[in-house]
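Going by the numbering used here, the residue at position 655 of the sequence shown is 649; the numbering climbs one at a time, nothing skipped.
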Amino acid sequence: MTGEGDARTGLHARLDRPALSVWAKHERDSDGWLPLWRHMEDSAAVAGRLWDEWLPLSVRTLIVGALPGGEADARRLVVWLAGVHDIGKATPAFACQVEQLAQVMRGHGLEMRSQQAMGADRRLAPHGLAGQVLLGEWLEERHGWTAKQAGQFTVAVGGHHGVPPEHGQIQALDRHPHLLRTHGPSGTLWKRVQEELLDACADEFGVREHLASWRAVKLPQPVQVLLSALVIVSDWIASNPDLFPYFPEDVPRTGAQRIASAWAGLGLPSPWRAEEPAGDAQELFASRFDLPPGAKVRPVQEAAVELAREMDEPGLMVIEAPMGEGKTEAALAAVEVLAARSGAGGVFFALPTMATGNAMFPRLLDWLDRLPAPKGTRYSVLLAHSKAALNDDFADLMGTSQRIAAVDVDGVEERAWRPSNRGRFAAAELVAHAWLRGRKKAMLSSFVTGTVDQLLFAGLKSRHLAMRHLAIAGKVVVMDEAHAYDTYMSVYLDRVLSWLGAYRVPVVVLSATLPAGRRRELAEAYVGKATGETAASFDAVAQAGDYPLLTAVTPGGTPIMRRPAASARATGVELERLDDDMDILADRLETELAEGGCVLVVRNTVRRVLEAAAVLRQRFGDANVTVAHSCFIDVDRAAKDAGLLKRFGPPGKADDRPQTAHIVVASQVAEQSLDVDFDLLVTDLAPVDLLLQRMGRLHRHLRGGEKQTDRPERLRQARCLVTGVDWSAAVPAPVRGSVAVYGAYALLRSAAALLPHLDGGRERPVRLPTDISPLVQRAYADGPDGPADWAEALETARARHEEHRADQAERAATFRLDGAARPGWPLFGWVAAGVGDADDTREGRAQVRDSRESLEVVVVQRRADGTLATLPWLEPDCKGRSLAGLALPTDQVPTALAARTAASCGLRLPIQFSYAEVMDRAIDELEELHIPAWQVKGSHWLAGQLILPLDANCQTHLAGFRLRYSKSDGLEVTRA
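This is the structure:
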């Protein structure tokens, strides 16, 4: 059993029989196996193909820059490290695990104790760590390297299972040498075999004559991370028995035949190879976006393209511009230029929520369809969040023959599961290539739209972090709604930006309402803290009050700013206080809507949304009041968004705008990404940047020309009524729910900034976009603000705010990745004291957001006979198939249609269920409906889900609460 059926070529020809007997892979069911030499050669061949055909130019360039021999040197290093990555399997600690294979090795003189006899000590020598030690010894003893020189290379071997070894682990193994080589005479043969394998790899992969020059190299830590990730990817592909069959092979193949067949079967799409677009911004936008006839590119968009072309090298660009100014299109246009100049092979578009990610995904697909590309080009695409499989645009990519590669379902690995498993991950995730699937590979797709969590995970100490870094290192990163991230998230974001700067990744940051101080923090996070002569240029970034404003900085450079004009249209919004009383609100709206009109009422909590809706329905009728908030099942939430766009979207696209009075009562879901337009806004007091976002939904489009003559006469002047506050108090007192969400300090600073407009009435409207930046900068300035009699309340609130921020920063830093250390410093302990896997678990999402763990359920209905079915009000799908009331048998896996339909009714329970005691009680109760038949591998839609059955009246009890659900109002929770 040495695999000598292969012709004596490659590694096989360089090894003696003892070395040929060392095994690397074994499949228990078939008893198939793979010798180590074969897996070494397969892995190296995969690494070569990845380098030549898959790795983006930007990543190759970074690695090439660290080595003296240029491109050939870099490729050689990657191939060699992939080839030797499993040398730790040539040890007694590993080889003893399969007795029949171990016995063959003993027959060639490689003595070892049995696995049982070796005992618990064997765990001190995982084969990655053992390989790192053996490769280090070989470099030190045979080639004169020091331990530190070797460590920066060997860590890629030690960390190829996702966690670079720590110093303590290395020292522990040093104290147990018998795990690497058996004591006694056989130990000499073990060492000879290990060295023979390493010598053979050095010669076969052409590195022996380069080791002397590499000894002087100081690998930057970002390069060490990328090398580690490439070894991991190579190993994963080469370990797939469908691609690289185990021995005995049906048809013996040479190494060249194995890699040719495997690579063709894998069919990985090549990276995007962007070419810098010719022509001016107008030509570029006309060819990439669906512009209305006669539309002209806006100044902000033109400036973004020009700035991308003017930057010395791709770096960080911050685009601050009003809502509705076309920042997304500006970013994508800049992306094309930056990708062409940097060699980036894709794009990651990060957004704050799943809803905003879903809204962006079809826009990304439309842009991709318009990109110039050679015939036959395929792009790998991903929608990256835990509910991606339920997105129709994403699901429609399955089985298509277009140049965006086909999509497959990410099946859940089969394992014992109970709902109380805190580490359970979200099922039903789709990616746009069959191999690029799963929690750890999906982000390697070239074009990704997803939640910002996927970006923040790159700053979280976690297993296989190198894979996340490889995924983002080869892309242009676009981050939207940058103002939406609190201190806790910013701790991770800033660290991620520092690594993106180290990788020379172009980054585009978008915001309508970014505080100037935060603008400087983002720039310094990317390029490093400004000192000396450069500090003054960063001071200017923090002091700039222009709006719109574009800021760009490159690694090692000084910031440059561009100040384009805003588009011609401006809106004056009159602000007015409104007492926080339901009858006062209803009376006021009755007056305002006497001639009809559409009103948006934004509340800061779901409870306030439902309370207001109940009162307004009594006054205006059920048909004239719509509710929108976050506590709807996924399919209803998507339908709500679509309905809002259909009725209140832009002229020409919305064909069902109400002709009579209509009121939408919504939570913060109305703040972002929905292009909706209302005649009047009523809003709870909120931080000023969010309040301005809400104002962006007011008179968003022209209706009847500049004078808005198509709106009711009383509502042709944009007005915003601010409520949710006791305005009669000496110091405005926001309602309790608002304080719980935003904190008193942010609300009082917002009120102080708006005070001149609240007091000025018609004489002092908020002028959009002119007043956006001044209001934001005033609300977030460090100095005091507000009337003198507010001073004490503001100071008390400020102290609590600072204490809370410090607490957030301290807690976030616990698992935050360190910054890149100096070149040559090995990556040992890179993710020490980390969180394990970072993924779509309840714990995983809570790690990068300052939020309690949330509990998600799939909502179904229990019929009178006790059977389960999908919810009764669901609309037919796009193919006309009925989705309502589909049977969900508990003794078998439901049909694919019924299972997917049920999964589309996911619901994240509100904060009442996020407290540990309540959550535990809820899980215990939900586990009573544990359905074993749904936990098998073929049940990827429902495996691992908590099931919440509602009775015929759509009610149930859970953990001491009464739950009632309706299609119109979503989930209502009250104490039982």
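All residues carry an ideal CB built from backbone N, CA and C; glycine is no exception.
Helix, strand or coil at Arg915 [DSSP, three-state]: Reading the sequence shown from its first residue, position 921 is the one you call residue 915. Arg915: helix per DSSP, three-state reduction.
Beta-bridge pairing of Tyr520 - partner residues as DSSP gives them: The residue labelled residue 520 in the question sits at position 526 within the sequence shown. BP columns for Tyr520 are empty, so no partner.
Those runs of the beta strand (DSSP E) which lie wholly inside the stretch 705 to 739 and span at least 3 residues: 713 to 717
Buried versus exposed call for Ile578 [16 or more other C-beta atoms within 10 Å across all chains shown]: Stepping through the sequence shown from its first residue, residue 578 is reached at position 584. So Ile578 ends up on the exposed side.
Secondary structure of Leu118, DSSP reduced to three states: On the sequence shown, residue 118 is found 124 positions in, with the first residue counted as 1. Three-state result, Leu118: helix.
Length of the line joining the Cα atoms of Glu757 and Pro781: The count along the sequence shown starts at 1 and reaches residue 757 at position 763. The count along the sequence shown starts at 1 and reaches residue 781 at position 787. If I take the Cα positions, the gap works out to 20 Å.
Nearest neighbour of Pro171, chosen from Gln109, Ala937, Trp184 and Pro159 [CA to CA]: Stepping through the sequence shown from its first residue, residue 171 is reached at position 177. Checking every option, the nearest Cα to that of Pro171 belongs to Trp184.
Other residues of its chain near Gln702: CB distance less than 6 Å, five sequence neighbours each side excluded: What you label residue 702 is simply residue 708 of the sequence shown in a count that begins at 1. Around Gln702: Arg710.
Outcome for Gly340 when other beta-carbon atoms lying within 10 angstroms are tallied against a minimum of 16: Along the sequence shown, one-based indexing puts residue 340 at 346. With 16 or more other Cβ atoms within 10 Å, it is buried.
Bridge partner(s) assigned by DSSP for Phe241: Walking along the sequence shown from the start, residue 241 turns up at place 247. Trp27, per the DSSP bridge assignment.
Secondary structure of Cys195, DSSP reduced to three states: Residue numbering aside, residue 195 sits at position 201 when the sequence shown is read from its first letter. In the structure shown, Cys195 sits in a helix (DSSP, three-state: H, G or I).
Separation of Glu304 from Asp274, as counted between CA atoms: Start at 1 with the first residue of the sequence shown, and residue 274 comes out as number 280. Start at 1 with the first residue of the sequence shown, and residue 304 comes out as number 310. Looking at the two C-alpha atoms, the distance is approximately 13 Å.
Cα-Cα separation between Pro726 and Ala890, rounded to whole angstroms: By 1-based counting over the sequence shown, the position of residue 726 is 732. By 1-based counting over the sequence shown, the position of residue 890 is 896. Going by the C-alpha atoms only, they are around 55 Å apart.
Simplified DSSP state of Ala546, which is helix, strand or coil: For the purposes of this step, residue 546 is taken as the residue at position 552 of the sequence shown. Reduced to three states, the DSSP call for Ala546 is strand.
Neighbour-count burial assignment, His751, 16 or more Cβ in a 10 Å radius: Here the question's residue 751 lines up with position 757 in the sequence shown. Its Cβ being crowded by 16 or more others within 10 Å, His751 is buried.
In DSSP terms, what Ala13 is bridged to: Walking along the sequence shown from the start, residue 13 turns up at place 19. Partner(s): none; Ala13 has no beta bridge.
C-alpha gap between Val442 and Pro265, whole angstroms: Mapped onto the sequence shown, residue 442 falls at position 448. Mapped onto the sequence shown, residue 265 falls at position 271. Each residue's alpha carbon lies about 13 Å from the other.
Whole-angstrom distance between Thr3 and His427, CA atom to CA atom: Looking up residue 427 in the sequence shown gives position 433. Looking up residue 3 in the sequence shown gives position 9. Low confidence applies here, because His427 scores a pLDDT of 45, under 50, leaving its location unreliable; read the following figure in that light. Whole-angstrom Cα-Cα distance: 34 Å.
Arg792 versus Tyr739 - alpha carbon distance: What you label residue 792 is simply residue 798 of the sequence shown in a count that begins at 1. What you label residue 739 is simply residue 745 of the sequence shown in a count that begins at 1. Computed Cα separation, rounded: 5 Å.
Reference Ala334, options His137, Ser505, Gly468 and Gly113, closest by Cα: Residue 334 sits at position 340 when you count from the first residue of the sequence shown. Among His137, Ser505, Gly468 and Gly113, the Cα nearest to that of Ala334 belongs to Gly468.
Where Glu323 sits in the DSSP three-state scheme: Along the sequence shown, one-based indexing puts residue 323 at 329. Here Glu323 sits in helix by DSSP.
His20 vs Asp80 beta-carbon contact at 8 Å: Residue 20 sits at position 26 when you count from the first residue of the sequence shown. Residue 80 sits at position 86 when you count from the first residue of the sequence shown. No.
Contact set for Gly200: own chain, Cβ-Cβ below 7 Å, skip 5 residues either direction: Mapped onto the sequence shown, residue 200 falls at position 206. The answer, listed in chain order, is Arg70.
Close Cβ partners of Val967 (< 7 Å) along its chain, the five nearest in sequence each way excluded: Counted from its first residue, the sequence shown places residue 967 at position 973. So the list reads Pro904, Gln906, Phe955 and Leu957, once near-sequence residues are dropped.
Candidates Ile917, Arg571, Leu692 and Pro293: closest to Arg761 by CA position: Along the sequence shown, read from residue 1 onward, the residue named residue 761 stands at position 767. Ranking Ile917, Arg571, Leu692 and Pro293 by Cα distance to Arg761 puts Leu692 first.
Residue(s) in a DSSP beta bridge with Val676: Position 682 of the sequence shown, counted from the first residue, corresponds to residue 676. Answer is Val595 and Leu715, bridged to Val676.
Residue(s) in a DSSP beta bridge with Leu762: The residue given as residue 762 occupies position 768 in the sequence shown. Paired residues: Thr565.
Runs of alpha helix (DSSP H) lying entirely within the stretch 13 to 90, each at least 4 residues, in chain order: 30 to 43, 51 to 58, 64 to 78 and 86 to 89
For Thr884, the residue or residues it bridges with in DSSP: If you number the sequence shown from 1, residue 884 lands on position 890. According to DSSP, which records beta bridges pairwise, Thr884 is partnered with nothing at all.
Asp963 classed as buried or exposed, judged by whether at least 16 other C-beta atoms fall within 10 angstroms: In the sequence shown, the residue the question calls residue 963 occupies position 969. It is buried - the Cβ of Asp963 has at least 16 other Cβ atoms within 10 Å.
Buried versus exposed call for Gln653 [16 or more other C-beta atoms within 10 Å across all chains shown]: As a working note, residue 653 is residue 659 in the sequence shown. Exposed.
Between the CA atoms of Gly77 and Ser37 - distance to the nearest angstrom: As a first step, residue 37 must be located in the sequence shown, where it is residue number 43. As a first step, residue 77 must be located in the sequence shown, where it is residue number 83. Roughly 6 Å separates the two Cα atoms.
Arg8 versus Ala254: straight-line alpha-carbon distance, rounded: In the sequence shown, residue 8 corresponds to position 14, counting from 1. In the sequence shown, residue 254 corresponds to position 260, counting from 1. Distance between the alpha carbons of Arg8 and Ala254: 22 Å.
Cβ-based neighbour list, Val16, same chain, cut-off 6 Å, excluding 5 preceding and 5 following: The sequence position of residue 16 within the sequence shown is 22, counting from 1. Within the same chain, Val16 has close Cβ partners Leu30 and Ala84.
Exposed unless 16 or more other CB atoms sit within 10 angstroms - verdict on Ser484: Here residue 484 corresponds to residue number 490 of the sequence shown, with the count starting at 1. Buried is the call here.
Cβ contact check for the stretch 813 to 820 and the stretch 207 to 214: 3 or more pairs under 8 Å: yes
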